[in-house]
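This report refers to the structure that appears directly beneath it.
See the structure below:
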């Protein structure tokens, strides 16, 4: 589950970088998914639908995904449950549809 969470983080990060590069010809050299999401959503508001902020459950899953970049690789104590990343394929698919 840790590897899956890390790979979803990487996929979402690369998609946000892609959207920024295509639309602005610039992308910051950061791995902070929250920052990248905010920057990408500023240029295309349809990306907001990938990770809506209204529901606490979705916000919690996004936070877990953000943590996955470091904690899934290095922390022995990070636990990732299947339900915490179940929606990630649909979320990254939404970003893919908006970027392409």
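In the numbering used here, the protein residues as written are 10 to 109.
Built from N, CA and C at the ideal position, the CB exists for glycine as well.
Since this is a predicted model, take the numbers as computed values, not measurements.
- Under the three-state reduction of DSSP, residue 63 is assigned to coil, being neither helix nor strand.
- A direct Cα-to-Cα measurement between residue 35 and residue 51 gives close to 14 Å.
- Here the C-alpha atom of residue 22 lies approximately 10 Å from the C-alpha atom of residue 78.
- When secondary structure is reduced to three states using DSSP, residue 35 falls in the coil class, being assigned neither helix nor strand.
- For residue 45, the uninterrupted alpha helix (DSSP H) run begins and ends at 42-52, by DSSP.
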